[in-house]
Amino acid sequence: MPNNPKKTISSARISLYNKEVVKIFESKSDLEVWNSFNKGDEMAFNYLYRTYAGVLFQFGCQFSKDQMLVQDSIQNLFISLRKKRGSLSEVSNIKGYLLRSIQREVLRNGKNASSKMLVDDSQMDSFFQIELSPETSFIQRESENQRKIQLQEALKKLTTKQRQAILLFYEEELSYKEIAQVMDFNEVKSARKLIYRALSSLKEFIKPTI
């Protein structure tokens, strides 16, 4: 059955519109994007959702095995933010703010629903299973397949908080300050120490092969 020409044209226009929206906001700072959203700019809202929904889903699934709960939490988060436009405080790092928000939203929704799929502390060790990008000279040396396998095995030996911190630092590219906020640390140095200890542990775990 041939495609509907009108539908095809409409889809092409939507795709072009989305690309234009991305171009507009990619050149702006997080603070500028957030301020536009806070002032009621619908394009800014659409940009935030399209840019961060996928990241929030992956991160939210670290706290609940119920994917529908995570998806609902993301929807609820953006609906809540949309309703509060005009009264939101300034945000200089949107990703860090949203990651912290979705973590709280998922945990709150899981408890409210008495979800059996909520990940408790005893289960957290099986989560935050990550593959690091070659961001440091230490990790870059682990380029061969065997080394990569050893690195992944070493990651499994880290504590849950260490893996979470490594994920936020290398994969999500958050600063120590932002990681401290996401992980609810009172001091930035706590995040810095956690990552330092995690990297030190990784080096020790694979020391014989370096």
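According to this note's numbering, the sequence shown holds residues 1036 to 1245 in order. Even glycine gets a Cβ: it sits at the ideal position worked out from N, Cα and C. Only a predicted model underlies this, so the values are computations on that prediction, with no experimental measurement involved.
Cβ-Cβ separation, residue j to residue i (assumed contact under 8 Å), whole Å
{"i": "I1214", "j": "A1200", "result": "6 Å"}
{"i": "L1133", "j": "L1202", "result": "That pair is no contact at about 15 Å."}
{"i": "G1075", "j": "R1120", "result": "6 Å"}
Cβ-based burial, residue i [other Cβ within 10 Å; buried from 16]
{"i": "S1071", "result": "buried"}
{"i": "L1066", "result": "exposed"}
{"i": "R1143", "result": "exposed"}
{"i": "D1101", "result": "buried"}
{"i": "Y1087", "result": "buried"}
{"i": "S1124", "result": "exposed"}
Through-space distance from residue j to residue i, alpha-carbon basis
{"i": "Q1093", "j": "R1139", "result": "14 Å"}
{"i": "A1233", "j": "E1222", "result": "18 Å"}
{"i": "L1237", "j": "S1122", "result": "44 Å"}
{"i": "A1226", "j": "K1063", "result": "28 Å"}
{"i": "L1186", "j": "Y1205", "result": "14 Å"}
{"i": "Q1216", "j": "G1145", "result": "21 Å"}
{"i": "G1095", "j": "M1103", "result": "11 Å"}
Residue i in three-state terms, based on DSSP
{"i": "S1236", "result": "helix"}
{"i": "S1124", "result": "coil"}
{"i": "S1064", "result": "coil"}
{"i": "S1099", "result": "strand"}
{"i": "K1228", "result": "helix"}
{"i": "G1075", "result": "coil"}
{"i": "T1086", "result": "helix"}
{"i": "F1220", "result": "coil"}
Cβ-heavy atom distance, residue i to the ligand FMN, below 6 Å
{"i": "S1108", "result": "The ligand content of the structure shown is nil, which means the ligand FMN is not present either."}
**Message:** For the pair the region 1103-1116 and the region 1076-1091, tell me if three or more CB-CB distances fall below 8 Å.
**Reply:** yes
**Request:** Would you check if there are 3 or more beta carbon pairs closer than 8 Å linking the region 1191-1199 to the region 1098-1111?
**Result:** Result no; under three Cβ-Cβ pairs closer than 8 Å.
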